[in-house]
Amino acid sequence: MDHGTNPHGGWWSHRGEPETPGRRGHRCWLSRCSQSEGGIVNRLENRVAVITGGATGIGGAAAELCAAEGAIVHLLDANAEDGRATEARIRDHGGVARFHEVDVRDAEQLRATFERIRTTDEQIHVLVCSAGVLRGAYCGIDDLDEEDWDATLDTNLKGTYLTTRFAAPGLRKADKSVILLISSGAGVRGGSSSYAYAASKAGVHGLQYNLQSDLGATGSRIHVVCPGGIATPLKLKNVAEGAASRGENVEAAVAGARESLGDPVGVARVLTFLASDDGDYVRGTIFTR
86 MDHGTNPHGG
96 WWSHRGEPET
106 PGRRGHRCWL
116 SRCSQSEGGI
126 VNRLENRVAV
136 ITGGATGIGG
146 AAAELCAAEG
156 AIVHLLDANA
166 EDGRATEARI
176 RDHGGVARFH
186 EVDVRDAEQL
196 RATFERIRTT
206 DEQIHVLVCS
216 AGVLRGAYCG
226 IDDLDEEDWD
236 ATLDTNLKGT
246 YLTTRFAAPG
256 LRKADKSVIL
266 LISSGAGVRG
276 GSSSYAYAAS
286 KAGVHGLQYN
296 LQSDLGATGS
306 RIHVVCPGGI
316 ATPLKLKNVA
326 EGAASRGENV
336 EAAVAGARES
346 LGDPVGVARV
356 LTFLASDDGD
366 YVRGTIFTR
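Residues 86 to 374 (my numbering) make up the sequence shown, in order.
Here it is as structure tokens:
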């Protein structure tokens, strides 16, 4: 898959590529999050957070809110344009952030990225694995393309495994750490438009059980977070594709989805809570709106 251009002319995933149909001006997550009840209380002050898929969507919202709560944020994403824009917004609001352009499917790129992170931050207190794609939607098993299957599993499942693997030394060095793996209800209860997406998210859910006996035994608290319908670039792309396949008005479908779907900030608040000491008594899989 070419990360520099979009052969389909628009919608890409929250792994990092740009969203064009119906795109609106980006209002900073930080300013929106700071309007929540109680405001910002620096629950993550001086903690190091590494977030994949951190350019847009849930990962972008989590990066900005973690920074607002005092974390030192490392954003990892294949989308340099939006990743640097998110980094700039965080810094403009007084936060600390560094963007790293990386493809989570590539072990050597990830290895080098975590080596760079270790030059300034040996400990990792929070890891959020949010990078993801959805391909092969709206087709039956007979028509599912192997390339779509491989691309989805490589990003969503292999990418999560590789990220956690290279983050593990930093997570172990922290007095206590939190690992937040973004899965989906589709991987637990079904209902996805894509076989590959559902299988990849089920794999992420299964991965956490072994992590519990490995990193969990050395002080990491591990959660799988399963968001519902959230208005991310990934989901809106899926809505657009579904409308197109049914011969419906794509712009109207996307506009309706923006109104009915949940806000990435809502999931980011859950992630920030779990990453903080306030979430210390929570265990296991979390389902959100």
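Heads up, the beta-carbon is just placed ideally off N, CA and C, and yes, glycines get one too.
For residue 346, same chain residues with a beta-carbon under 7 Å away, outside a window of 5 residues either side, are 314, 315, 316, 320 in chain order.
In this structure residue 226 is exposed. Its beta-carbon is surrounded by fewer than 16 other beta-carbon atoms within 10 angstroms. With a cut-off of 8 Å on Cβ pairs, the region 350 to 367 is in contact with the region 255 to 265, counting three or more such pairs. Secondary structure note for residue 311: it is in no alpha helix (DSSP H), and the uninterrupted beta strand (DSSP E) holding it is 305 to 311.
The region 125 to 133 makes no contact with the region 218 to 234, as fewer than three CB pairs between them are under 8 Å. A distance below 7 Å between beta-carbons, with the five flanking residues on each side excluded, links residue 329 to the following residues of its chain, in chain order: 335. Exposure of residue 254 is indicated by the presence of fewer than 16 other C-beta atoms within 10 angstroms of its C-beta.
In the three-state reduction of the DSSP assignment, residue 183 falls in the strand class, which pools E and B. Take residue 271, set aside five residues on each side of it, and the residues of its chain with a beta-carbon closer than 7 Å to its own are 277, 282, 283, 286, in chain order.
Rounded to whole angstroms, the separation of the alpha carbons of residue 182 and residue 176 is 7 Å. In the DSSP assignment, residue 355 falls within the unbroken alpha helix (DSSP H) covering 349 to 360.
Sequence-distant partners of residue 165 (beyond 5 residues in either direction) whose C-beta falls short of 7 Å from its own C-beta, in its chain, are 186. Residue pairing by DSSP puts residue 372 in a beta bridge opposite 311. About 6 Å separates the Cβ atoms of residue 215 and residue 136, confirming a contact at the 8 Å cut-off. Annotation for residue 136: the continuous beta strand (DSSP E) segment containing it runs 133 to 137. Counting the other CB atoms within 10 Å of its CB gives residue 332 a total below 16, which places it among the exposed residues. Beta-bridge annotation (DSSP): residue 262 is paired with 305. The criterion of a C-beta distance shorter than 8 Å is not satisfied by residue 318 and residue 373.
Remark: C-beta atoms of residue 356 and residue 265 approach each other more closely than 8 Å. One thing to note: residue 243 has its Cβ within 8 Å of the Cβ of residue 190. Of all alpha-carbon atoms in 239, 327, 280, the one lying nearest the alpha-carbon of residue 339 is that of 327.
Rounded to whole angstroms, the gap between the alpha carbons of residue 156 and residue 180 is 8 Å. One alpha carbon belongs to residue 167, the other to residue 257, and they sit about 30 Å apart.
Residue 295 counts as exposed, since fewer than 16 other beta carbons sit within 10 angstroms of its beta carbon.
According to the DSSP assignment, residue 175 belongs to the alpha helix (DSSP H) that extends over 165 to 177.
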